[in-house]
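Q: Here the numbering used here is used: the first residue of the sequence shown is 252, the next is one more, and so on.
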Amino acid sequence: MTNPFGEGGFDLGAMLEQAQQMQNQLLQAQDELAAQTVSGTAGGVSVTLSGVGEVTGVAVVPGTFDGSDPDSLADLGDLVVAAYRDAKAKVDALAAATLGPLSNLGGNLGGGGLPGLGG
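(1) Give me the Cα-Cα distance between Gln-454 and Val-312, rounded to the nearest whole angstrom.
(2) Alpha carbon to alpha carbon, how far is Ser-301 from Thr-307?
(3) Residues bridged to Val-306 by DSSP?
(4) Excluding five sequence neighbours on each side, which residues of the same chain lie with their C-beta closer than 6 Å to the C-beta of Gly-294?
(5) Alpha carbon to alpha carbon, how far is Val-342 from Asn-275?
(6) Quick one: Cα of Pro-321 to Cα of Gly-328, how far?
(7) Got a sec? Which residues, its chain only, sit under 6 Å from Val-296 by beta carbon, not counting five neighbours each side?
(8) In chain order, which alpha helix (DSSP H) runs of at least 4 residues are fully inside the region 266-351?
(9) Between the alpha carbons of Ala-325 and Gln-279, how many angstroms are there, rounded?
(10) Work out the CA separation of Val-289 and Thr-349 for me, nearest whole Å.
(11) To the nearest angstrom, how far is it from the Cα of Glu-283 to the Cα of Leu-345?
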């Protein structure tokens, strides 16, 4: 009878060791992301996000908006949303750059390059 895992057999120990290494790399990359911040701007508004996408600050240039004018306040709301979207796009790019090599872990279920699984 032939071994379904190939001639080398199934090395569970090596697979578990590699899985642990990948988990450690992912946790380290997530920590690196969380420690970074990015800002997005629109008009006189700036929104700052952590590297994991949490809003950490919103700033408005003083004197830019009239708090008693409904149109000015509506514009302010639109600019906050636009600044957030700008910052979010930067966070997404940062995450892709930081997690890129780790983003397709498990994506190849035919072995995924793990020892003993032939993929």
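Quick reminder that beta carbons are idealized off the backbone N, C-alpha and C, glycines included.
Quick caveat: nothing in here was measured; it's all calculated off a predicted structure.
A: In terms of the structure at hand:
(1) Lying outside 252 to 370, the shown extent of the chain, residue 454 is not represented and no answer is given.
(2) 6 Å
(3) Leu-300
(4) Leu-330
(5) 22 Å
(6) 11 Å
(7) Val-311, Leu-330, Val-331, Ala-334
(8) 321-350
(9) 41 Å
(10) 14 Å
(11) 10 Å
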